[in-house]
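Novice:
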Amino acid sequence: MARIVSGVTAEKLSATGDAAIGMKFPVKPFNPDLNYTTAKQIDTNLRNLILTIKGERPMQPDFGSDVYFLLFEQLDESTISGFAIEAIREATSRWMPFIDIVLVDIQLRKSEHICDIIINYRVPDLNIENTLNLAVRI
135 MARIVSGVTA
145 EKLSATGDAA
155 IGMKFPVKPF
165 NPDLNYTTAK
175 QIDTNLRNLI
185 LTIKGERPMQ
195 PDFGSDVYFL
205 LFEQLDESTI
215 SGFAIEAIRE
225 ATSRWMPFID
235 IVLVDIQLRK
245 SEHICDIIIN
255 YRVPDLNIEN
265 TLNLAVRI
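Everything in the sequence shown is counted per our numbering, starting at 135 for the first residue and increasing by one.
#1: Tell me which same chain residues have a C-beta within less than 6 Å of the C-beta of Val270, skipping the five on either side of it?
#2: Using alpha carbons as the reference points, say which of Thr178, Pro195 and Ser199 lies closest to Thr186.
#3: Compute the distance between the beta-carbons of Asn264 and Leu237, then report whether it is under 9 Å.
#4: Kindly provide the ranges of any beta strand (DSSP E) runs that are 3 or more residues long and lie completely inside the stretch 211-252, ordered along the chain.
#5: Going straight from the alpha carbon of Phe241 to that of Ile235, what length do you get?
#6: From the DSSP output, in three-state form, read off Asn267 for me.
#7: Determine the direct distance from the alpha carbon of Leu204 to that of Pro231, and round the result to whole angstroms.
#8: Can you tell which of Asp167, Pro163, Gly156 and Thr172 has its C-alpha closest to the C-alpha of Leu260?
#9: Would you report the Cα separation of Leu168 and Gly189, rounded to the nearest angstrom?
#10: Let me know if Lys174 comes out buried or exposed under the rule of 16 or more other beta-carbons within 10 Å of its beta-carbon.
#11: Could you tell me the distance, in whole angstroms, from the CA atom of Glu224 to the CA atom of Met193?
#12: Look at the alpha carbon of Ser212 and the alpha carbon of Leu183, and state the distance between them as a whole number of angstroms.
#13: Nearest-angstrom Cα distance between Lys244 and Glu220?
#14: Looking at the unbroken alpha helix (DSSP H) that takes in Asp177, where does it start and where does it end?
See below:
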């Protein structure tokens, strides 16, 4: 269970980088990769949010996004792109409201059965700007 530790702030953890604040996914059983900065942990959390299918988590059935459901619809590329962008914005506004989504770009590679999702985002309170690249098999 999480607990509050007095005197420890996100800024302090980001600045020092000497304490692990989270794990990267996928988790490696005997040698887990750890995140040492707030920016990397936010990136990992956003990746986890987008790639989690709603209903996948038993105690939080609303956690995740509808991106996977959209990828299997018989729609054209522009329609899928519009729905995917809306699904990503909806998920982040609910579960990670401190993130501002700047740009979402969806590119389908039909011959390889892959959907590339590029998300440019920023966290104004921490002065973080980053790009998340996801390749989803469809």
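By construction, the Cβ of each residue, glycine as well, lies at the ideal position given by its N, Cα and C atoms.
Specialist: According to the data block:
#1: Counting from one through the sequence shown, the residue named residue 270 turns up at place 136. Result list for Val270: Cys249, in chain order.
#2: Working through the sequence shown from its first residue, we reach residue 186 at position 52. Here the closest residue by C-alpha is Ser199.
#3: Here residue 264 corresponds to residue number 130 of the sequence shown, with the count starting at 1. Here residue 237 corresponds to residue number 103 of the sequence shown, with the count starting at 1. Not a contact, by the Cβ cut-off of 9 Å.
#4: Segments of the beta strand (DSSP E) lying fully in the stretch 211-252: 234-243.
#5: Residue mapping note: residue 241 aligns to position 107 of the sequence shown, counting from 1. Residue mapping note: residue 235 aligns to position 101 of the sequence shown, counting from 1. Reading off the sequence shown, one finds Gln at residue 241, where the question assumed Phe. Cα to Cα, Gln241 sits roughly 17 Å from Ile235.
#6: Translated into positions along the sequence shown, residue 267 becomes position 133. Strand, per DSSP.
#7: Position 97 of the sequence shown holds residue 231. Position 70 of the sequence shown holds residue 204. Distance from the CA atom of Pro231 to the CA atom of Leu204, rounded to whole angstroms, is 23 Å.
#8: On the sequence shown, position 126 is the one that residue 260 refers to. Minimum Cα distance to Leu260 is reached at Thr172.
#9: Within the sequence shown, the letter at position 34 stands for residue 168. Within the sequence shown, the letter at position 55 stands for residue 189. Here the alpha carbon of Leu168 sits roughly 27 Å from the alpha carbon of Gly189.
#10: The residue you call residue 174 lines up with position 40 of the sequence shown. Buried, by the Cβ-count rule.
#11: Position 90 of the sequence shown, counting from 1, holds the residue named residue 224. Position 59 of the sequence shown, counting from 1, holds the residue named residue 193. When rounded, the distance between both Cα atoms is 20 Å.
#12: Numbered from its first residue, the sequence shown carries residue 212 at position 78. Numbered from its first residue, the sequence shown carries residue 183 at position 49. Those two C-alpha atoms are separated by around 23 Å.
#13: Within the sequence shown, the letter at position 110 stands for residue 244. Within the sequence shown, the letter at position 86 stands for residue 220. One alpha carbon belongs to Lys244, the other to Glu220, and they sit about 22 Å apart.
#14: In the sequence shown, residue 177 corresponds to position 43, counting from 1. Where Asp177 is concerned, the enclosing alpha helix (DSSP H) stretches over Thr172 to Leu185.
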